[in-house]
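The numbering of the sequence shown is the working numbering, which starts it at 22 and goes up by one. Structure, as structure tokens:
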Amino acid sequence: MHAHASTRSLSAVVARHIDVIVRRGALLESDALAAIMDYAVASRDVECAQMAFDVLSERGAPPFASLVEAFTGAGQVSRAVDTVFKWADTGCALPDSAIRSILLGPSPIDRSTRRALQGLLSGPDPEVTFRDALDGCTSTTAFSGLLRRVPSSVRPDTLVHLVVCASRVNGDVVGALRKCIDSEAAMQRALPVAVHAGLKYGRNDVVVDAFAIARQHSLTIAPDQFRTALSFVVVRNPGDLIAAFNMAVQHGMVPVPGTFATMFQSLSHARPQQLLEPSCRNAIRALADQLARGPFEMTSGLGDAALRVLGMAGIPDAALRVAVQLDSLGIPITSRRALHLLAACSRNPSGQRSRTTHLAAIESALRHWKVHFTSEDMPPILALYKRFWRERREQIISMFRELQNGPARVDHQSVGALLSCLRGLSPEQAPSLLPVSCKFGELRPTPSHYVQVISCLALDRDFDRAAFVLSQLRNVARLRLFTGPEPNMTRAYNYVMMAAKDRNQFDAMSLLRQMLFEDKVLPDKNSLVCLLDMCGTNASVLRESTDVLDKIRQHAAVGYKAFEKFVRLYVSTRQYDAAVACVVAYRSKPETRRRISGAMYNGLLIELVKASEWGLARSLIEMARDDRASIEPVVVRAVDSETSLDALSPQ
Numbered sequence: 022m023h024a025h026a027s028t029r030s031l032s033a034v035v036a037r038h039i040d041v042i043v044r045r046g047a048l049l050e051s052d053a054l055a056a057i058m059d060y061a062v063a064s065r066d067v068e069c070a071q072m073a074f075d076v077l078s079e080r081g082a083p084p085f086a087s088l089v090e091a092f093t094g095a096g097q098v099s100r101a102v103d104t105v106f107k108w109a110d111t112g113c114a115l116p117d118s119a120i121r122s123i124l125l126g127p128s129p130i131d132r133s134t135r136r137a138l139q140g141l142l143s144g145p146d147p148e149v150t151f152r153d154a155l156d157g158c159t160s161t162t163a164f165s166g167l168l169r170r171v172p173s174s175v176r177p178d179t180l181v182h183l184v185v186c187a188s189r190v191n192g193d194v195v196g197a198l199r200k201c202i203d204s205e206a207a208m209q210r211a212l213p214v215a216v217h218a219g220l221k222y223g224r225n226d227v228v229v230d231a232f233a234i235a236r237q238h239s240l241t242i243a244p245d246q247f248r249t250a251l252s253f254v255v256v257r258n259p260g261d262l263i264a265a266f267n268m269a270v271q272h273g274m275v276p277v278p279g280t281f282a283t284m285f286q287s288l289s290h291a292r293p294q295q296l297l298e299p300s301c302r303n304a305i306r307a308l309a310d311q312l313a314r315g316p317f318e319m320t321s322g323l324g325d326a327a328l329r330v331l332g333m334a335g336i337p338d339a340a341l342r343v344a345v346q347l348d349s350l351g352i353p354i355t356s357r358r359a360l361h362l363l364a365a366c367s368r369n370p371s372g373q374r375s376r377t378t379h380l381a382a383i384e385s386a387l388r389h390w391k392v393h394f395t396s397e398d399m400p401p402i403l404a405l406y407k408r409f410w411r412e413r414r415e416q417i418i419s420m421f422r423e424l425q426n427g428p429a430r431v432d433h434q435s436v437g438a439l440l441s442c443l444r445g446l447s448p449e450q451a452p453s454l455l456p457v458s459c460k461f462g463e464l465r466p467t468p469s470h471y472v473q474v475i476s477c478l479a480l481d482r483d484f485d486r487a488a489f490v491l492s493q494l495r496n497v498a499r500l501r502l503f504t505g506p507e508p509n510m511t512r513a514y515n516y517v518m519m520a521a522k523d524r525n526q527f528d529a530m531s532l533l534r535q536m537l538f539e540d541k542v543l544p545d546k547n548s549l550v551c552l553l554d555m556c557g558t559n560a561s562v563l564r565e566s567t568d569v570l571d572k573i574r575q576h577a578a579v580g581y582k583a584f585e586k587f588v589r590l591y592v593s594t595r596q597y598d599a600a601v602a603c604v605v606a607y608r609s610k611p612e613t614r615r616r617i618s619g620a621m622y623n624g625l626l627i628e629l630v631k632a633s634e635w636g637l638a639r640s641l642i643e644m645a646r647d648d649r650a651s652i653e654p655v656v657v658r659a660v661d662s663e664t665s666l667d668a669l670s671p672q
């Protein structure tokens with residue numbers, strides 16, 4: 022940057038000297054003016070180039086190509102185009118080199134302008150034609166053909182454009198990069214493009230090959246150039262991105278704050294679950310360690326990017342270290358930065374004790390920094406604290422009360438965070454918090470709020486309180502405070518049945534009767550298996566509940582485990598016709614028919630033979646044969662002869 026500034030000031034001095042010499046009527050040698058023009062083009066000083074061009078034009082030797090190249094080199098393509106068309110309108114004989122410098126330059130121009138410029142050429146130009154073909158290339162197949170037809174002598178800009186085209190269509194990026202080997206200027210610009218393409222398409226082999234080519238030809242890569250490779254990458258594999266960064270460092274690139282910032286910004290666009298994978302977390306931690314050891318100062322932008330990624334990856338110790346660095350530089354720890362610290366604790370995949378230890382350290386640091394949270398910050402904070410419902414229950418409720426009294430609108434996520442804290446509260450506290458939490462602002466209680474409470478209680482196997490909250494849900498449903506409660510009601514009952522698995526079975530069956538006949542709700546497959554397990558341990562419950570079982574069997578979606586349990590339950594109460602009816606109903610569906618095992622058929626047949634239910638046994642044998650199930654021959658003989666199995670057993 023220093024060298025660039027001195028170059029610009031030197032070119033300004035040269036321009037002033039030309040101006041003074043011309044105004045005094047003195048003459049400069051044409052060779053000297055040509056050298057000045059070359060210098061202006063190299064330094065991208067268009068004003069100096071324009072002045073030298075004007076003097077040379079007066080002498081009848083206007084360097085058209087040099088002036089256009091100065092314009093395009095400085096990024097002033099529109100000025101170059103306007104100048105060329107102005108010359109053409111005045112009848113100047115323009116050299117092809119002036120037009121080619123625009124058509125083959127690094128800056129894009131629209132199609133109509135390209136066609137108009139090509140019309141000024143003295144004849145077809147192979148490189149211009151090739152460049153047009155690259156611009157129109159849309160497939161890997163078309164690119165493969167172009168890669169085999171690269172003209173023998175092309176400008177570095179065209180070679181770079183070749184690699185850009187390969188990146189755009191996901192073509193042979195490495196093959197295109199090899200075409201740049203003879204041009205160091207092209208290779209310097211094409212290498213970051215190739216690395217970017219490998220990252221964009223998840224092709225780590227491209228990244229590895231690109232750096233191998235750079236090492237082979239002793240090419241260095243500047244941090245600013247490498248940032249273009251890391252920027253705007255939709256990360257498929259965050260590990261590849263970090264590996265590319267490490268390869269660049271090993272290749273001799275000295276990282277700067279901007280490189281790290283770009284790296285973290287690209288990582289933040291990965292899927293959160295990817296960043297939690299152990300290998301990725303280890304790589305991000307190593308990156309944070311490298312950042313901490315670096316010889317440069319932390320910046321605000323770099324700190325924000327690093328905190329965001331470390332929060333997503335659940336690395337609280339490294340996140341806290343970054344925050345301490347920011348604070349030591351006088352950069353304030355804002356509430357948004359604090360949220361990233363809390364997210365690192367919440368998403369930390371380590372054990373709960375480790376998470377809580379890091380949370381305590383971060384809470385202490387936030388108090389020390391006097392971080393102030395606004396009511397707008399409370400909803401995301403509550404969501405992050407859900408992971409610590411046991412250790413920070415009172416704090417969560419306190420934050421919720423603060424949110425309740427603030428101007429911010431309470432959202433359902435915040436209510437969900439509070440409801441998670443109901444686990445472990447006393448029976449007097451738990452039911453009262455739910456209505457209170459939903460009475461203010463525009464927020465109304467929803468079925469999902471009640472279901473969330475019941476699910477928490479079910480995890481604690483707390484049947485009594487789960488049933489109580491269910492009764493609240495039923496009351497609200499009767500008052501029609503919300504519409505369409507059936508799906509949520511089903512979930513609520515299912516959770517209550519989970520809570521009741523080890524509780525009084527008469528209560529559970531009573532609840533199921535209420536579910537089926539009063540609320541018209543059917544259990545799902547998992548809850549049904551739990552229910553049938555309970556029924557199987559108490560014969561009196563089963564005998565009193567055949568109407569319940571029949572209704573479930575006829576209407577509920579019965580899985581194979583539940584089907585087996587139904588058959589055993591009916592056999593245990595000697596309802597053999599119902600047991601066979603179960604088999605008939607289950608095999609009536611094509612998707613479940615072939616799943617009935619030979620063991621199931623044999624077991625039921627043995628019970629039918631013992632009970633002398635010969636008609637049912639014959640029907641079951643026909644079904645088994647139709648299903649190609651393996652049946653014990655001795656059972657078939659017993660049914661055919663209507664003889665007990667004991668009589669057929671060898672003495």
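Where is the CB? At the ideal position from N, CA and C, for every residue including glycine.
Going by the beta-carbon positions, is the gap between A101 and D66 smaller than 9 Å?
One-based indexing of the sequence shown puts residue 101 at position 80. One-based indexing of the sequence shown puts residue 66 at position 45. Contact: no.
Counting pairs of Cβ atoms below 8 Å between the region 366-380 and the region 343-351, do you hit three or more?
no
6 Å CB neighbourhood of I305 in its chain, flanking five on each side removed:
Here residue 305 is taken as the residue at index 284 of the sequence shown, counted from 1. Hits under 6 Å: A334.
As assigned by DSSP and simplified to three states, the class of W390:
Looking up residue 390 in the sequence shown gives position 369. If DSSP states are grouped into helix, strand and coil, W390 belongs with coil.
CA-CA distance, I627 and E643?
For the purposes of this step, residue 627 is taken as the residue at position 606 of the sequence shown. For the purposes of this step, residue 643 is taken as the residue at position 622 of the sequence shown. Cα to Cα, I627 sits roughly 15 Å from E643.
If we ignore side chains and look at the alpha-carbon of each, how far apart do L308 and L347 end up?
What you label residue 308 is simply residue 287 of the sequence shown in a count that begins at 1. What you label residue 347 is simply residue 326 of the sequence shown in a count that begins at 1. Approximately 17 Å, taken between the alpha carbons.
Could you pull the start and end residues of the alpha helix (DSSP H) that S356 belongs to?
In the sequence shown, the residue the question calls residue 356 occupies position 335. Start and end: 356-367.
Leaving aside the five residues before and after R411 along the sequence, list all residues of the same chain whose C-beta is less than 6 Å from its C-beta, in chain order.
Your numbering for residue 411 matches position 390 in the sequence shown. Within the same chain, R411 has no close Cβ partners at all.
Taking C-alpha atoms, which residue in K391, H182, Y516 lies nearest to R482?
As a working mapping, residue 482 is identified with position 461 in the sequence shown. Among K391, H182, Y516, the Cα nearest to that of R482 is on Y516.
Alpha helix (DSSP H) runs wholly inside the region 256-303, at least 4 long, in chain order:
259-271, 278-288, 293-296
Is it buried or exposed, R176, if we count other Cβ atoms within 10 angstroms and call 16 or more buried?
Start at 1 with the first residue of the sequence shown, and residue 176 comes out as number 155. Buried, because 16 or more other Cβ atoms sit within 10 Å of the Cβ of R176.
M621 in three-state terms, based on DSSP:
For the purposes of this step, residue 621 is taken as the residue at position 600 of the sequence shown. Correct three-state label for M621: helix.
How should D325 be labelled, buried or exposed, when 16 other C-beta atoms within 10 angstroms of its C-beta is the threshold for buried?
Here residue 325 corresponds to residue number 304 of the sequence shown, with the count starting at 1. D325 comes out buried.
Residue interval of the alpha helix (DSSP H) (run including W5):
A query on residue 5 cannot be resolved here, the shown segment of the chain reaching from 22 to 672 and no further.
Between the C-alpha atoms of R314 and S300, what's the straight-line distance to the nearest angstrom?
Counting from one through the sequence shown, the residue named residue 314 turns up at place 293. Counting from one through the sequence shown, the residue named residue 300 turns up at place 279. Those two C-alpha atoms are separated by around 21 Å.
If you pair each beta-carbon of the region 275-288 with each one of the region 227-238, do three or more pairs fall below 8 Å?
no
Rounded to whole angstroms, what's the CA-CA distance from H393 to F421? Just pull it up for me.
Counting from one through the sequence shown, the residue named residue 393 turns up at place 372. Counting from one through the sequence shown, the residue named residue 421 turns up at place 400. Taking the straight line joining both Cα atoms gives about 16 Å.
Option nearest P244 by Cα separation, candidates D648, T283, Y597, T664
On the sequence shown, residue 244 is found 223 positions in, with the first residue counted as 1. That would be T283, whose Cα lies nearest to the Cα of P244.
Closest residue to F266 among A359, A231, A521 (Cα-Cα distance):
On the sequence shown, residue 266 is found 245 positions in, with the first residue counted as 1. Of A359, A231, A521, the residue nearest in Cα terms is A231.
Distance, V657 Cα to R512 Cα
Position 491 of the sequence shown, counted from the first residue, corresponds to residue 512. Position 636 of the sequence shown, counted from the first residue, corresponds to residue 657. In a straight line, the C-alpha of R512 is about 45 Å away from that of V657.
Contact under 9 Å by Cβ, N369 with H379:
By 1-based counting over the sequence shown, the position of residue 369 is 348. By 1-based counting over the sequence shown, the position of residue 379 is 358. Yes; because the gap between Cβ atoms is below 9 Å, this pair is in contact.
For L590 and V630, which I take to be in contact (beta-carbon distance under 8 Å), what is that distance rounded to the nearest angstrom?
Indexing the sequence shown from 1 puts residue 590 at position 569. Indexing the sequence shown from 1 puts residue 630 at position 609. The pair is not a contact, with the Cβ atoms about 19 Å apart (cut-off 8 Å).
Where does Y222 fall in DSSP's three states?
As a first step, residue 222 is located in the sequence shown; it is residue number 201 there, counting from the start. Residue state, collapsed to three classes: coil.
Nearest-angstrom beta carbon gap, A487 and A479 [assumed within contact, 8 Å]:
As a first step, residue 479 must be located in the sequence shown, where it is residue number 458. As a first step, residue 487 must be located in the sequence shown, where it is residue number 466. Correct: roughly 6 Å between the Cβ atoms.
Please name the residue in E384, T159, S469 whose C-alpha comes closest to that of I402.
Mapped onto the sequence shown, residue 402 falls at position 381. Of E384, T159, S469, the residue nearest in Cα terms is E384.
Measure the alpha-carbon distance for P259 versus P468 and round it to whole angstroms.
Mapped onto the sequence shown, residue 259 falls at position 238. Mapped onto the sequence shown, residue 468 falls at position 447. For P259 and P468, the distance between alpha carbons rounds to 39 Å.
Measuring CB atoms only, is the region 105-114 touching the region 155-163, in the sense that at least three cross pairs come out at less than 8 Å?
no
Could you have a look at W410 and say whether DSSP puts it in helix, strand or coil?
In the sequence shown, residue 410 corresponds to position 389, counting from 1. The answer is coil: DSSP assigns W410 none of H, G, I, E or B.
At what residues does the alpha helix (DSSP H) containing D327 begin and finish?
Numbered from its first residue, the sequence shown carries residue 327 at position 306. Reading off the sequence, residue 327 comes out as Ala, not Asp. Note, A327: alpha helix (DSSP H), 321-334.
Contacts around A339, its chain only, beta-carbon distance under 7 Å, and the 5 residues preceding and following it disregarded:
Here residue 339 refers to the residue found at position 318 when the sequence shown is read from its first residue. Result list for A339: R306, A309, L331, in chain order.
Spatial neighbours of L350 within its chain, please: CB distance less than 8 Å, with the 5 preceding and 5 following residues excluded, ordered by chain position.
Taking the sequence shown and counting its residues from 1, one reaches residue 350 at position 329. Answer for L350: E318, M319, listed in chain order.
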